[in-house]
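Take a look at the structure below.
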Amino acid sequence: MTKRIVVVASGRGSNFQAIIGALERGSIPAECVALITDNPKAYAIERAQAANIPVVVVDYASFATRELYEQALLSALKNARPDLVVLAGYMRILGQAIVREYAGKMINIHPALLPGFTGLHAQRQALLHGVKIAGCTVHFVDDSLDGGPIILQRSVRVMDDDDEDTLANRILIQEHIALPEAVRLFCEDRLTIEGRKVRTRLTP
């Protein structure tokens with residue numbers, strides 16, 4: 562049966578676009594049934610509309626408390642009935658109720674080789690630390706900060722003249738490869754979580 566994907570994004574949505582492209586090429590056996598965003602001005606909304614994907618705006622600024630926002634977000638997710646929730650540039654930390662509801666069914670893309678450089682400004686952290694190799698990680702979401710079981714990683718070499726923007730741009734190219742690949746593996750039922758490790762079955 563075709564998997565139902567919901568993407569959650571806050572900004573420009575370039576990783577969301579990478580998923581749309583993979584779906585349109587038929588390389589992911591799934592359907593994107595909704596984009597959910599906390600930002601009514603997110604460019605990801607235009608990407609969804611261009612691809613005829615329904616958009617649900619849960620505007621963080623319109624809620625009096627974080628708890629009320631989380632309740633509305635969880636309700637929006639449940640209404641979409643996803644098999645997989647993809648965080649693609651979602652810039653908030655999810656509450657435990659949502660994380661537990663979608664345990665093993667929610668993945669995130671992070672612009673660093675985890676477990677190093679969690680949180681915001683990962684590329685800046687990498688440069689300040691002087692690493693020679695940086696990259697991105699797709700992982701399952703748990704109740705830690707960027708600490709869930711790792712699905713896959715892709716790396717880039719850090720150049721001597723890199724700044725935060727140049728490094729981020731090269732990592733982003735790898736994100737656009739890594740995230741659709743992880744989504745495909747999930748939708749082909751090829752991923753198994755065993756403790757801290759994610760096992761990938763070689764063939765569908």
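With this note's numbering as the guide, the letters of the sequence shown map in order to residues 562 to 765.
Every residue gets a Cβ at the ideal spot worked out from N, C-alpha and C, and that includes glycine.
Keep in mind it's a predicted model, so treat the numbers as computed, not measured.
Helix, strand or coil for Asn-576, going by three-state DSSP, please let me know. Here residue 576 is taken as the residue at index 15 of the sequence shown, counted from 1. In the structure shown, Asn-576 sits in a helix (DSSP, three-state: H, G or I).
C-alpha distance - Leu-584 paired with Phe-577, whole-angstrom precision: Counted from its first residue, the sequence shown places residue 584 at position 23. Counted from its first residue, the sequence shown places residue 577 at position 16. About 11 angstroms.
Reducing DSSP to helix, strand and coil, say where Gly-582 ends up. Counted from its first residue, the sequence shown places residue 582 at position 21. Gly-582 falls in the helix class under three-state DSSP.
Checking 9 angstroms against the spacing of the C-beta atoms, do Val-569 and Ala-658 come in under that value? For the purposes of this step, residue 569 is taken as residue 8 along the sequence shown, with counting starting at 1. For the purposes of this step, residue 658 is taken as residue 97 along the sequence shown, with counting starting at 1. Taking 9 angstroms as the Cβ cut-off, Val-569 and Ala-658 do not qualify as a contacting pair.
Over what stretch of residues does the beta strand (DSSP E) that includes Arg-757 continue unbroken? The residue labelled residue 757 in the question sits at position 196 within the sequence shown. Careful: Arg-757 lies outside any beta strand (DSSP E) and carries neither H nor E.
So who's on the other strand from Gly-714, going by DSSP bridges? For the purposes of this step, residue 714 is taken as the residue at position 153 of the sequence shown. Sequence check: residue 714 is Gln here, not Gly. DSSP, once it has assigned bridges, lists Thr-698 as partnering Gln-714.
Is Thr-679 helix, strand or coil by DSSP? Here the question's residue 679 lines up with position 118 in the sequence shown. Coil, per DSSP.
Contacting residues, own chain, Cβ-Cβ under 8 angstroms from Tyr-651 (five flanking each side not counted): Translated into positions along the sequence shown, residue 651 becomes position 90. Here the set comprises Val-569, Ala-570, Ser-571, Asp-599 and Asn-669.
Quick check: the Cα distance between Arg-760 and Val-660, rounded to an integer number of angstroms? Working through the sequence shown from its first residue, we reach residue 760 at position 199. Working through the sequence shown from its first residue, we reach residue 660 at position 99. Rounded to whole angstroms, Arg-760 to Val-660 spans 21 angstroms at the Cα level.
Sheet register partners of Ala-658 (DSSP bridge): What you label residue 658 is simply residue 97 of the sequence shown in a count that begins at 1. DSSP lists no partner for Ala-658.
Cβ-Cβ distance between Gly-574 and Ala-609 below 9 angstroms: Sequence index remark: in the sequence shown, residue 574 carries index 13 (1-based). Sequence index remark: in the sequence shown, residue 609 carries index 48 (1-based). Cβ atoms of Gly-574 and Ala-609: closer than 9 angstroms.
Identity of the residue in Thr-727, Glu-755 and Ile-712 nearest Arg-718 by Cα: Within the sequence shown, numbered from 1, the residue matching residue 718 stands at position 157. With distances taken between Cα atoms, Arg-718 lies closest to Thr-727.
So is Asp-724 buried or exposed if we call it buried at 16+ other beta carbons inside 10 Å? For the purposes of this step, residue 724 is identified with residue 163 of the sequence shown, where counting begins at 1. Asp-724 comes out exposed.
Beta-carbon proximity check, Arg-645 vs Met-667, cutoff 9 angstroms: Looking up residue 645 in the sequence shown gives position 84. Looking up residue 667 in the sequence shown gives position 106. Correcting the residue identity first, residue 645 is Leu in this sequence and not Arg. Leu-645 is a Cβ neighbour of Met-667, given a cutoff of 9 angstroms.
Can you find a C-beta in chain C that's less than 9 angstroms from the C-beta of Ile-606? Although the question refers to chain C, the structure presented lacks it and comprises just one protein chain.
In angstroms with no decimal places, state the Cα-to-Cα distance between Pro-590 and Arg-642. As a working mapping, residue 590 is identified with position 29 in the sequence shown. As a working mapping, residue 642 is identified with position 81 in the sequence shown. Their backbone Cα atoms lie some 17 angstroms apart in a straight line.
Over what stretch of residues does the beta strand (DSSP E) that includes Asn-640 continue unbroken? Translated into positions along the sequence shown, residue 640 becomes position 79. Taken as a continuous stretch (DSSP letters only), Asn-640 belongs to no beta strand (DSSP E), being part of the alpha helix (DSSP H) at 627-641.
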